[in-house]
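Novice:
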Amino acid sequence: MGFLEQVYRDAVLEHARSPRNRGTLDPYTVRQEGINPSCGDELVLYLRLQDGLVDDARFEGHGCAISQASASMMTQAIKGRTVDEAEALIGHFKAMIHGKGVDPSLGDLQVLEGISKLHARVKCATLSWVALDAALGAAAAGTAEAPQVDVDAVDAVDAVDAIDAASG
Amino acid sequence: MAITAERRDDFPILRRRVHDAPLVYLDSAASAQKPERVLAAVDDFYRQHYANVHRGAHTLSAEATDAYEAARTRVARFINAPDARSVVFVRNATEGINLVAHAWGRRAIGPGDEIVLTVAEHHANLVPWHLLAAERGAVIRGVPLGSDQRVDLDALKGAMSPRTKLVATFHVSNVLGVLNPIAEIAGIAHEAGALLLVDGAQAVPHLPVDVQALGADMYAFSGHKVGAPSGIGALWVREDLLATWPPFLGGGEMIRTVAIDRSTYADIPMRFEAGTPAIAEAVGLHAALDYLDEVGMQAIWDHDRALARYAIERLRRVDGVTLYGPEGDDRGGIVTFNLDGVHPHDVASALDVRGVAIRAGHHCAQPLMGALGVRSTARASFWIHTTTDEIDLLADALGEVRTFFAGVA
Ligand SMILES: Cc1ncc(COP(=O)(O)O)c(C=O)c1O
Chain A
34 MGFLEQVYRD AVLEHARSPR NRGTLDPYTV RQEGINPSCG DELVLYLRLQ DGLVDDARFE
94 GHGCAISQAS ASMMTQAIKG RTVDEAEALI GHFKAMIHGK GVDPSLGDLQ VLEGISKLHA
154 RVKCATLSWV ALDAALGAAA AGTAEAPQVD VDAVDAVDAV DAIDAASG
Chain Z
10 MAITAERRDD FPILRRRVHD APLVYLDSAA SAQKPERVLA AVDDFYRQHY ANVHRGAHTL
70 SAEATDAYEA ARTRVARFIN APDARSVVFV RNATEGINLV AHAWGRRAIG PGDEIVLTVA
130 EHHANLVPWH LLAAERGAVI RGVPLGSDQR VDLDALKGAM SPRTKLVATF HVSNVLGVLN
190 PIAEIAGIAH EAGALLLVDG AQAVPHLPVD VQALGADMYA FSGHKVGAPS GIGALWVRED
250 LLATWPPFLG GGEMIRTVAI DRSTYADIPM RFEAGTPAIA EAVGLHAALD YLDEVGMQAI
310 WDHDRALARY AIERLRRVDG VTLYGPEGDD RGGIVTFNLD GVHPHDVASA LDVRGVAIRA
370 GHHCAQPLMG ALGVRSTARA SFWIHTTTDE IDLLADALGE VRTFFAGVA
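Read top to bottom, the protein sequences are chains A and Z. Using the numbering used here, the first residue of the first sequence is number 34, and each one after it goes up by one. Using the numbering used here, the first residue of the second sequence is number 10, and each one after it goes up by one.
1. Identify the continuous beta strand (DSSP E) that holds Y300/Z and give its terminal residues.
2. Compare the C-beta of G67/A with all C-beta atoms of chain Z and state if any pair is closer than 8 Å.
3. Considering only their Cβ atoms, is the gap separating P44/Z from Y300/Z smaller than 8 Å?
4. Within the same chain, show all residues whose beta-carbon is closer than 6 Å to that of T386/Z, passing over the 5 residues directly before and after it, in chain order.
5. What is the DSSP secondary structure of M107/A, reduced to helix, strand or coil?
6. So for W310/Z, helix, strand or coil by DSSP?
7. Mark V187/Z as exposed unless 16 or more other C-beta atoms lie within 10 angstroms of its C-beta, in which case mark it buried.
8. With DSSP as the reference, label P31/Z as helix, strand or coil.
9. Any chance the CB of F179/Z is under 7 Å from a heavy atom of ligand 3?
10. I think V213/Z touches I88/Z, with their Cβ atoms under 8 Å apart; what is that distance to the nearest whole Å?
11. Does the distance from the CB of I393/Z to the CB of H312/Z come in under 8 Å?
12. Quick check: is any heavy atom of ligand 1 less than 7 Å from the C-beta of T103/Z?
13. Can the beta-carbon of D361/Z be found closer than 8 Å to that of H28/Z?
14. List the residues that DSSP assigns as beta-bridge partners of M227/Z.
15. Looking at chain Z, which residues of the segment 35-56 of chain A have a Cβ within less than 8 Å of any of its Cβ atoms?
16. The segment 151-176 of chain A: which residues have C-beta closer than 8 Å to a C-beta of chain Z, in chain order?
17. I want to check one thing, is the minimum distance from the CB of N134/Z to the heavy atoms of ligand 1 below 7 Å?
18. Quick check on P441/Z: buried or exposed, where buried means 16 or more other Cβ atoms within 10 Å of its Cβ?
19. Does A139/Z get closer than 8 Å to chain A when you measure Cβ to Cβ?
20. Within 7 Å: the Cβ of S231/Z and any heavy atom of ligand 1?
21. Helix, strand or coil for A227/A, going by three-state DSSP, please let me know.
22. By Cβ distance below 8 Å, which residues in the same chain neighbour Y325/Z in space, the five residues on each side in sequence not counted?
23. Report, in whole angstroms, the separation of the C-beta atoms of Q174/Z and A210/Z, which I expect to be a contact under 8 Å.
24. Quick check on the burial criterion: 16 or more other C-beta atoms within 10 angstroms. Buried or exposed for S105/A?
25. Are there 16 or more other CB atoms within 10 angstroms of the CB of Q158/Z, so buried, or fewer, so exposed?
26. For S390/Z versus I343/Z, is the C-beta distance shorter than 8 Å?
27. Please confirm if A115/Z has its CB atom under 8 Å from at least one CB of chain A.
28. Pull out every residue of the segment 272-285 of chain Z whose Cβ sits closer than 8 Å to any Cβ of chain A, in chain order.
29. Comparing the C-beta of A98/A with each C-beta of chain Z, is any distance below 8 Å?
30. Does Q83/A come out as helix, strand or coil in the three-state DSSP assignment?
31. Taking 8 Å as the threshold (beta carbon to beta carbon), is H132/Z in contact with chain A?
32. Mind pulling the alpha helix (DSSP H) runs of 4 or more residues that sit fully within the segment 87-151 of chain Z?
33. For a test of your reading of the model: does the CB of N183/Z fall under 7 Å from any non-hydrogen atom of ligand 1? Yes or no.
34. So the alpha helix (DSSP H) A4/Z belongs to, where does it begin and stop?
35. Please determine whether the Cβ atom of Q143/A lies at a distance below 7 Å from any heavy atom of ligand 1.
36. Could you tell me whether any Cβ in chain A is nearer than 8 Å to the Cβ of A76/Z?
Dropping the structure here:
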């Protein structure tokens, strides 16, 4: 398998071609915008939470194959999970994408691991996850219209955390 | 004298491999690679002459000061500024433009005054004016492109009014690759009684620049795009203007006398250079400009334009490629494009794994992206070391990239 094929695995391209859970939700518990200012890509995530479960998740916006596939697979992975499980998944996903190992609970999401080797593209993959993290925080605080999050800022902190964890 | 492939040997980084392939660096417009001569000059300066400038009474400090001031004189000569006193060292073009907005703008611009900008400006030549306009209650007037993707000069004339205080525009566009007719724009600005600031970030590395012949009042550029280290750039301002401006930043180096509650300020240009400057970087800039003159600015411009023509011809024949920017003798070595059905970031990654470095995104020109009707684009940019073989490699790769991503987006 060539390097490009390791990053853009067939399943990734397939999700990019036909993203799942694209669209909006009405009603929703929280609506969260995420932006990647360095490239201008934007994503809007809608969550409906019920009794501690992610009842439904949708996204809209535009971006590259990686950001679209990542958002598609993320919404698929969190639907029907508890909020706590979704939060744990965020941690595992970020660890994987920063090259810090693959937790088995990631399941199908493991096909995105190759992106960790393309440093320039890590933020494309984390955009939807950063939005999810912020959305769950907003929902816990009872906010339905969450303020936009900036993946550049969050990812920079995550990357430093990952370096600290590795060296300490 | 034409530029030959031997010039590649001047750039040590071109010997490295990326993802197991030879590096094909097509991102000079973002930042230029460094000729050996610049690396050697910086290295020698640190090993033999380094000290702080303008303060010590010892030999090294005097040598460092001489080297720093020699770099200023070199910049003045390179852009044909009448005097080195009117050249202020800054970190980059962005800081140069911000300096003008602060030192000149906050006094000269009042409520209702107008600043004219084109839709094709880099954010560096937009945001400082947004900040100033918000603070001073000024109005920004935007000038569109014509159908030929050049600045619409009739629209520019129409945007001028008795309230226009400034026209600020690019010399060469970082997206469209086109040379702006600055001398003509200077005439339009001056006729209305406005000043003209030129963002020369993409021009100084690529063509002979003569700020006097252009009729500019202020001209800014970045060292890192001319092969110098990052962290140094220059702002030239007509001396009669600069002499009347108050300081931009306060601190050491820029004062004449300081009491506990007040200070008086140094003459130009030191008045605008608070704190320890980028000393070795200035020495590197000197070496870079020497290098460019040795290669020949006219030769570089001819080389860039020939490569642009070649690339446009080659890419046009790749299925699904859309090209942006005008064609003609005023088109420099920047070729911006999109590949149908593939996001520019995915294009860039697919090229990166073959060792080909291009830029993808909005290129800090979001209003222009809007005018072109796209969110982002891919961009290949050329310089002294670029060859037609590299452009062939790009074009061939793009065909395969399109197949790989077929059906995505
Ligand atoms: C046309 C133009 N203006 C301004 C800039 C800003 O340059 P710098 O980031 O070095 O200040 C750039 C570089 O990206 C540019 O291409």
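Every residue, glycine too, gets a C-beta built ideally from N, C-alpha and C.
Specialist: In brief:
1. In the second sequence, the residue the question calls residue 300/Z occupies position 291. From DSSP, Y300/Z is part of no beta strand (DSSP E) but of the alpha helix (DSSP H) over I288 to V304.
2. Here residue 67/A is taken as the residue at index 34 of the first sequence, counted from 1. With 8 Å as the cut-off, G67/A does not count as an interface residue toward chain Z.
3. Here residue 300/Z is taken as the residue at index 291 of the second sequence, counted from 1. Here residue 44/Z is taken as the residue at index 35 of the second sequence, counted from 1. Contact flag set, yes.
4. Here residue 386/Z refers to the residue found at position 377 of the second sequence. T345, N347 and P353, listed in sequence order.
5. For this step, residue 107/A is matched to residue 74 along the first sequence. Three-state result, M107/A: helix.
6. Residue 310/Z sits at position 301 when you count from the first residue of the second sequence. Looking at W310/Z - three-state DSSP - the assignment turns out to be helix.
7. As a first step, residue 187/Z is located in the second sequence; it is residue number 178 there, counting from the start. The residue is buried, with at least 16 neighbouring Cβ atoms inside 10 Å.
8. Position 22 of the second sequence holds residue 31/Z. Residue state, collapsed to three classes: strand.
9. By its list of ligands, the structure shown excludes ligand 3, since it contains just ligand 1.
10. For this step, residue 213/Z is matched to residue 204 along the second sequence. For this step, residue 88/Z is matched to residue 79 along the second sequence. Yes, they are in contact, since the Cβ atoms of V213/Z and I88/Z sit about 7 Å apart, within 8 Å.
11. Along the second sequence, read from residue 1 onward, the residue named residue 393/Z stands at position 384. Along the second sequence, read from residue 1 onward, the residue named residue 312/Z stands at position 303. It is a contact, given that the beta carbons lie within the stated cut-off.
12. Here residue 103/Z refers to the residue found at position 94 of the second sequence. The answer is yes for T103/Z.
13. Mapped onto the second sequence, residue 361/Z falls at position 352. Mapped onto the second sequence, residue 28/Z falls at position 19. Yes, the pair counts as a contact, with Cβ atoms nearer than the cut-off.
14. Taking the second sequence and counting its residues from 1, one reaches residue 227/Z at position 218. M227/Z is bridged to L206/Z and V246/Z.
15. G35, F36, L37, V40, Y41, L46, A49 and R50
16. L151, A153, R154 and C157
17. For this step, residue 134/Z is matched to residue 125 along the second sequence. Indeed, a heavy atom of ligand 1 lies less than 7 Å from the Cβ.
18. Here chain Z has residues from 10 to 418 only, and residue 441/Z is not among them.
19. Along the second sequence, read from residue 1 onward, the residue named residue 139/Z stands at position 130. Note that residue 139/Z is His in the sequence shown, not Ala. So, not an interface residue.
20. Counting from one through the second sequence, the residue named residue 231/Z turns up at place 222. True, at least one ligand heavy atom lies under 7 Å from that Cβ.
21. Residue coverage of chain A in this structure runs from 34 to 201, which leaves residue 227/A outside it and unanswerable.
22. Locating residue 325/Z in the second sequence gives position 316, where the first residue counts as 1. The amino acid occupying residue 325/Z in the given sequence is Arg; Tyr does not appear at that position. If we look at R325/Z and ignore the five residues flanking it on each side, its Cβ neighbours are L332.
23. Numbered from 1 along the second sequence, position 165 holds the residue referred to as residue 174/Z. Numbered from 1 along the second sequence, position 201 holds the residue referred to as residue 210/Z. As written in the sequence, residue 174/Z is Lys, which differs from the Gln given in the question. About 23 Å separates the two Cβ atoms, so there is no contact after all.
24. Within the first sequence, numbered from 1, the residue matching residue 105/A stands at position 72. That one is buried.
25. The residue you call residue 158/Z lines up with position 149 of the second sequence. By the neighbour-count rule (16 or more Cβ atoms within 10 Å), Q158/Z is buried.
26. Numbered from 1 along the second sequence, position 381 holds the residue referred to as residue 390/Z. Numbered from 1 along the second sequence, position 334 holds the residue referred to as residue 343/Z. Yes. Within cutoff.
27. In the second sequence, counting from the first residue as 1, residue 115/Z sits at position 106. A small fix is needed here, since residue 115/Z is Arg in this sequence, not Ala. At a cut-off of 8 Å between C-beta atoms, R115/Z does not count as an interface residue with respect to chain A.
28. none
29. Position 65 of the first sequence holds residue 98/A. For A98/A, the answer is yes, since a Cβ of chain Z falls inside 8 Å of its Cβ.
30. In the first sequence, residue 83/A corresponds to position 50, counting from 1. Note: Q83/A maps to strand in three-state DSSP.
31. As a position in the second sequence, residue 132/Z is number 123, starting the count at 1. Chain A, which has no Cβ nearer than 8 Å to the Cβ of H132/Z, makes this no.
32. 102-108 and 136-145
33. Residue mapping note: residue 183/Z aligns to position 174 of the second sequence, counting from 1. Distance from the C-beta of N183/Z to the nearest heavy atom of ligand 1 is below 7 Å.
34. The question about residue 4/Z has no answer here: the residues shown for chain Z are numbered 10 through 418.
35. For this step, residue 143/A is matched to residue 110 along the first sequence. Incorrect: Q143/A has no Cβ contact closer than 7 Å to ligand 1.
36. Here residue 76/Z corresponds to residue number 67 of the second sequence, with the count starting at 1. Taking Cβ atoms only, chain A never reaches closer than 8 Å to A76/Z, which makes this a no.
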